[in-house]
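2 protein chains.
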Amino acid sequence: MKFERHDAIRELVAHSLVTNQDELRRKLRRRGFAVTQATLSRDIHALRLSKGPSGYVLPSTDVGNGAAENDGPPSVAEVLASFGLRIRQAMNQVIVGTMMGGAQPVAAALDFEEWPEVLGTIAGDDTVLVICADPRRATEVEMRLRAMLES
Amino acid sequence: MKFERHDAIRELVAHSLVTNQDELRRKLRRRGFAVTQATLSRDIHALRLSKGPSGYVLPSTDVGNGAAENDGPPSVAEVLASFGLRIRQAMNQVIVGTMMGGAQPVAAALDFEEWPEVLGTIAGDDTVLVICADPRRATEVEMRLRAMLES
DNA sequence: TCACCATTTGCATACTTATTCATTTGTGTT
DNA sequence: AACACAAATGAATAAGTATGCAAATGGTGA
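Residue numbers (the numbering used here), protein chains in the order written: chain A, 68 to 218; chain B, 68 to 218.
Structural data, given as structure tokens:
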């Protein structure tokens, strides 16, 4: 019966090291379950097991982020148009001033677009700090952001 | 450079669904990393990623210690292993990218350890800015942090 | 600069896992 | 019992991953 075999698989995976499906097949056979690798592949899928550096493991009980595929947060241009107030540059940094509460959305949009010149962003309530590799790139980013703000 | 590619892989795996190594290869290529599946297999092993029903996932090193024996706050090494995604350096600064919500714990751990090279830290939601006295010290800090991330 | 050594990478291929298709098995109905 | 139908399984094979080995790359000291 399939469900008894599933129980046995859970137990084997929980209490012993199972490196691959053929090893699992042999261990199951010793317990009286004689099935092929194909069936085990299906069982593992059904049991939602993961395979990692230490063999197969049971699905983690933690809350796990059900994060799915977003089809797209708002663009930097959009969010800047909504919240942006001023752009300044100093050394390798660009400082974006926004309306209160606008910094987080602006930073999120910047993060999402992953501009090559941008190493990282930090957002407060109304200020976003954009960090670049060097002053030249910071200027480049400043220009681009400013163009969006002006548009 | 290998480490930058590792950073990119961690980020892709953390923020998007990666079903297999060829998909990862294509996503990396779009970011400028052109390598073969063989290299990615090695990277995945090095990064200790697991593959489960929802594609590859980062190793879950839950910092939530059920055991009580841990006196002080978690170390930088621990908290980086849990939340760290990428390390970059520019001028006298080091930018640490983390999973959402991970910046504060990382910064707190850094503050607590009081590294001599670190003048201060600023944390947003998923980015920590570490400020050093000069580029040399920033590189030193970057190396140290990166070693912890790769461990 | 050049030579040297260690690391990293790609290629080819071995190994492992998933899937298709046909068959068997189980179950309820007449 | 015989049938019909769905679920489960095996065999073959496609799809995906890991690895030995040689070549390329990169860092280091003479």
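Even for Gly, the Cβ is constructed at its ideal location relative to N, Cα and C.
Next on the checklist: Can you give me the C-alpha to C-alpha distance between D74 (chain B) and R98 (chain A), rounded to a whole angstrom?
Outcome noted: 44 Å
Next on the checklist: With distance defined between alpha-carbon atoms, name the residue in A:M158, A:V143, A:N159, A:V185 nearest to Q171 (chain A).
Outcome noted: A:V143
Item to check | Contact set between M158 (chain A) and chain B, taken where Cβ atoms lie within less than 8 Å | outcome: M158
Checklist entry - If you measure from the beta carbon of D178 (chain B) to each beta carbon in chain A, is any gap under 9 Å? => result no
Item to check | Short CB-CB distance (under 9 Å) between L196 (chain A) and chain B | outcome: yes
Checklist entry - With C-beta atoms as the reference, is L107 (chain A) less than 9 Å away from I154 (chain A)? => result no
Next on the checklist: Taking its Cβ as the centre, do 16 or more other Cβ atoms sit within 10 Å of Q104 (chain A), making it buried, or is it exposed?
Outcome noted: For Q104 (chain A), the number of other beta carbons within 10 angstroms of its own is below 16, and it is reported as exposed.
Next on the checklist: Per the DSSP calculation, V124 (chain B) is bridged to which residue(s)?
Outcome noted: B:S117
Checklist entry - Thinking just about the alpha-carbon of each residue, which of B:A174, B:L212, B:D192, B:Y123 is nearest to the one in M167 (chain B)? => result B:D192
Item to check | Contact list for I162 (chain A) against chain B, beta-carbon separation under 7 Å | outcome: The contacting residues do not exist; I162 (chain A) stays about 13 Å from chain B at best.
Checklist entry - Residues of chain B with a CB under 8 Å from the CB of T188 (chain A): which are they? => result G191, T194
Next on the checklist: In this structure, how does DSSP classify T86 (chain B) when only helix, strand and coil are distinguished?
Outcome noted: The three-state reading of DSSP puts T86 (chain B) in coil, since its state is none of H, G, I, E or B.
Item to check | Whether E184 (chain A) touches C199 (chain A) by CB criterion (9 Å) | outcome: yes
Checklist entry - Are the C-beta atoms of A134 (chain A) and some chain B residue less than 9 Å apart? => result Since pLDDT at A134 (chain A) reaches only 34, below the 50 mark, its modelled position is unreliable, and no value is offered.
Checklist entry - Which residues in chain B sit within 8 Å of S108 (chain A), going by Cβ to Cβ distance? => result Here the premise fails: no neighbours, minimum Cβ distance about 13 Å.
Checklist entry - Are the Cβ atoms of Q88 (chain B) and N159 (chain A) separated by less than 9 Å? => result no
Checklist entry - Using CA coordinates, which residue listed in A:A101, A:I111, A:P120, A:L116 is at the minimum distance from R109 (chain B)? => result A:P120
Item to check | Selected residue, minimal CA-CA separation from G164 (chain A), among A:G151, A:A176, A:A175 | outcome: A:G151
Item to check | Coarse secondary structure for V80 (chain B), derived from DSSP in three states | outcome: helix
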